[in-house]
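If you're matching positions, the sequence shown starts at 2 in the working numbering and goes up one per residue.
By construction, the Cβ of each residue, glycine as well, lies at the ideal position given by its N, Cα and C atoms.
Note sheet for the following structure.
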Amino acid sequence: MASKQETLTSERRHKTIASVVLSIICVIYVMPIVTVVINSFKKNTFVKTDTFALPNAETGAGWANFIKGMTFGNYPFMASVANSVIITVLSTFLILFFCSMAAWYIARVNSKFCKVIYYLCIFSMVVPFQMVMFTLSKTADVLKLNTPFTIPIVYLGFGAGLAIFMFVGFVKSIPIEIEEAASIDGCGPVRTFFRVVLPMLKPTLISVGILEVMWVWNDYLLPYLVLDINKYRTIPIHIQYLKGSYGTVDLGATMALILLSIIPVIVFYLALQKYIIKGVAAGAVKG
Numbered sequence: 002m003a004s005k006q007e008t009l010t011s012e013r014r015h016k017t018i019a020s021v022v023l024s025i026i027c028v029i030y031v032m033p034i035v036t037v038v039i040n041s042f043k044k045n046t047f048v049k050t051d052t053f054a055l056p057n058a059e060t061g062a063g064w065a066n067f068i069k070g071m072t073f074g075n076y077p078f079m080a081s082v083a084n085s086v087i088i089t090v091l092s093t094f095l096i097l098f099f100c101s102m103a104a105w106y107i108a109r110v111n112s113k114f115c116k117v118i119y120y121l122c123i124f125s126m127v128v129p130f131q132m133v134m135f136t137l138s139k140t141a142d143v144l145k146l147n148t149p150f151t152i153p154i155v156y157l158g159f160g161a162g163l164a165i166f167m168f169v170g171f172v173k174s175i176p177i178e179i180e181e182a183a184s185i186d187g188c189g190p191v192r193t194f195f196r197v198v199l200p201m202l203k204p205t206l207i208s209v210g211i212l213e214v215m216w217v218w219n220d221y222l223l224p225y226l227v228l229d230i231n232k233y234r235t236i237p238i239h240i241q242y243l244k245g246s247y248g249t250v251d252l253g254a255t256m257a258l259i260l261l262s263i264i265p266v267i268v269f270y271l272a273l274q275k276y277i278i279k280g281v282a283a284g285a286v287k288g
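This is the structure in structure tokens:
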């Protein structure tokens, strides 16, 4: 009896220690976001001198930073928002649509050619973007992929690796007898995919979509290299160029725009976060 009591006490102690450690890690991860929120309501001078202090009557700027951030400069902020939305939506749609079909074909055909394609997709996940960025920017200019409506094709190439890896793993977990039954009922390959396979891919579709949305929405380097920034700017590029005369930077307005840019993706993630674990687990078990 005593031994059992000691075991329970030890488990509680371990859980308490784990909770404390994880709470500290959580605070460390959340602090940058809290710092952005605090400084988005401060005057520019006090952002530099009282970075971690809460805004008060002397240091506070209220909503002036948000108004200035959205109206400052020679490029409209709402145009940057529109460009980010277009690029994110189109890129995510292309990745989900084409990669799900490709993954289904790779998983079911399982030929040597398909295995080569699969492992090339896996290999693309570990290739640093810096290795190909200069060649990519030149290729994008030659092929006219330097607009918000065409750059999603570039994102499709970079996002295919993770998407196909997750989709292939999930497709392998689907009993092939379901597809054979659909074939007996008269469904061809295309109809089988859209009527049978695609609805079953919903958990992975949502989880991959969340990951791709967060990646594309927050990406700075690829649009900066590919887009003509005098004509098209995304939100990260807009924030980077939020400068006044002689290169002066209003940190308060910058923090305000950073806060506005991260709110949509945080809300999107929190609303659908439960699907990430489901999709990743389902796609990795048999990948």
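Residue i versus residue j: straight-line alpha-carbon distance, rounded
{"i": "T89", "j": "T10", "result": "50 Å"}
{"i": "K69", "j": "V48", "result": "15 Å"}
{"i": "L1", "j": "V86", "result": "No statement about residue 1 is possible, as the shown extent of the chain runs from 2 to 288 and does not include it."}
{"i": "F94", "j": "E12", "result": "46 Å"}
{"i": "I96", "j": "T8", "result": "50 Å"}
{"i": "C100", "j": "I165", "result": "6 Å"}
{"i": "K173", "j": "V128", "result": "26 Å"}
{"i": "I230", "j": "V143", "result": "17 Å"}
{"i": "V250", "j": "I236", "result": "16 Å"}
{"i": "P190", "j": "P77", "result": "47 Å"}
{"i": "S20", "j": "L271", "result": "21 Å"}
{"i": "F124", "j": "C27", "result": "32 Å"}
{"i": "T17", "j": "T193", "result": "51 Å"}
{"i": "L91", "j": "M134", "result": "21 Å"}
{"i": "L260", "j": "I39", "result": "10 Å"}
{"i": "V266", "j": "A257", "result": "15 Å"}
{"i": "N57", "j": "T72", "result": "25 Å"}
{"i": "P224", "j": "D51", "result": "34 Å"}
{"i": "R14", "j": "G210", "result": "39 Å"}
{"i": "V169", "j": "F98", "result": "14 Å"}
{"i": "G74", "j": "G162", "result": "38 Å"}
{"i": "K44", "j": "A54", "result": "12 Å"}
{"i": "A104", "j": "W64", "result": "48 Å"}
{"i": "V22", "j": "I118", "result": "42 Å"}
Exposure label - residue i; buried when at least 16 CB within 10 Å
{"i": "E178", "result": "exposed"}
{"i": "P153", "result": "buried"}
{"i": "K287", "result": "Residue confidence is low: K287 scores 46 on pLDDT, short of 50, so the model does not pin down where it sits. No coordinate-derived value is stated."}
{"i": "D186", "result": "exposed"}
{"i": "Y242", "result": "exposed"}
{"i": "A107", "result": "Per the sequence presented here, residue 107 reads as Ile, with Ala not at that position. Buried is the call here."}
{"i": "N111", "result": "exposed"}
{"i": "I264", "result": "exposed"}
{"i": "A285", "result": "Reliability of the predicted coordinates at A285 is poor, the pLDDT of 49 falling under 50, and the value obtained from them is presented with this limitation in mind. So A285 ends up on the exposed side."}
Neighbour flag for residue i against chain D, beta carbons, 7 Å
{"i": "T205", "result": "The question asks about chain D, but that chain is absent: this structure has only one protein chain."}
Residues bridged to residue i [DSSP beta-bridge criterion]
{"i": "K203", "result": "K203 is not bridged to any residue."}
{"i": "G61", "result": "K43"}
Those runs of the beta strand (DSSP E) which lie wholly inside the region 144-193 and span at least 3 residues: none
Three or more C-beta pairs under 8 Å: does that hold for the region 204-219 against the region 27-40? no
Any chance the region 262-279 sits against the region 195-211, with 3 or more Cβ pairs inside 8 Å? yes
Residue ranges of each alpha helix (DSSP H) run of no fewer than 4 residues wholly in the region 203-234, ordered along the chain? 203-219 and 222-227
Taking the runs of the alpha helix (DSSP H) that are 4 residues or longer, which of them lie wholly in the region 87-144? 113-125 and 134-143
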